[in-house]
Structure formats: C-alpha cells, structure tokens
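Each residue of the sequence shown is one higher than the one before, starting from 58 at the first, in the numbering used here. Cβ atoms here follow ideal geometry from the backbone N, Cα and C, with glycine treated the same way.
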Amino acid sequence: MNMFEEIEREKQDLPKLKNITKEVSHYTFNGYQKFAIAVFLICFCFGIILGNLFPACGTSSNFYGTCTTTEFNFSLMVFFWFISFLVCLFFYAIGHIISLLTSIDEQLRKYK
C-alpha cells in the first residue's frame, strides 16, 4: 500500500475562479439583504472610529485617578462589531426568508 498512489487517486483539482463566480453570480440579493450588507460595512468602519473616539485608559496616576496615557479602545470596537453583526444577520435572515417564500410562491403558481 503506497501512500503516494492513494493520494494521487484521491486528489481533486481546486475549483477555478470562473466556476466559483458562475455559481455565485446566479444568486441575487433582495432589498433587506442589500441593506444588511451595506449597514454592516458602514458599522465596520464606524467601529474603528468609535474605538479611536473613546480611548481606553492606558496608565493612570495614583493620586487623582486621572488617565496619563490613553490607547485605542479595542474592546469597544469588537463589541460594536459583534452587535452590528447580530443586527445585520437578523436583517439578512429576514431577507433570505422572504426570498425563499417568493421562490415557493413562484413554484406554486407554476403548477396551478
């Protein structure tokens, strides 16, 4: 039993870019899905801006408790990304459900 011969037998070619784009291009997004994608891209950029606008305290002085150095607020950025991802996922799911229902409706009208 030669391992290299078995690998040659089981080996598959990677899909070509033309085949991948052909499979993806037939899918059209409805309004809810386009809205969710656009809002997520905007919220992605806005999360970076929020992390910079509201910096975290890097080091503080012991006497007055004030920040001496501030740094980028990474946790706020990730939290905003997570919340915006959940909201956009909700809108995208609504759009997907609507597209599935319209395709079912088209199939039912075809058989009437």
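Open item on the list: Give me, in chain order, the residues of the same chain whose beta-carbon lies closer than 7 Å to that of Asn87; leave out the 5 immediate sequence neighbours on both sides.
Closed with: Translated into the one-based positions of the sequence shown, residue 87 becomes position 30. In chain order, Gly152, Ile155, Ser156 place their CB closer than 7 Å to the CB of Asn87, counting only its own chain and leaving out the 5 sequence neighbours on each side.
Task: Rounded separation between Lys160 and Thr127 - CA only - done: Taking the sequence shown and counting its residues from 1, the one referred to as residue 160 is at position 103. Taking the sequence shown and counting its residues from 1, the one referred to as residue 127 is at position 70. A small fix is needed here, since residue 160 is Ser in this sequence, not Lys. So the two alpha carbons sit approximately 53 Å from each other.
- [ ] Find out if the Cβ-Cβ distance for the pair Met60, Ile105 is shorter than 8 Å.
- [x] The residue you call residue 60 lines up with position 3 of the sequence shown. The residue you call residue 105 lines up with position 48 of the sequence shown. No, Cβ-Cβ distance for Met60 and Ile105 is not below 8 Å.
- [ ] Give the secondary structure of Thr125 by DSSP, where H, G and I count as helix, E and B as strand, and everything else as coil.
- [x] Numbered from 1 along the sequence shown, position 68 holds the residue referred to as residue 125. Reduced to three states, the DSSP call for Thr125 is strand.
Task: Assumed close pair Trp138, Phe101 - CB separation to whole angstroms, cut-off 8 Å - done: As a first step, residue 138 is located in the sequence shown; it is residue number 81 there, counting from the start. As a first step, residue 101 is located in the sequence shown; it is residue number 44 there, counting from the start. Their Cβ separation, rounded to whole angstroms, is 7 Å, which keeps Trp138 and Phe101 in contact under 8 Å.
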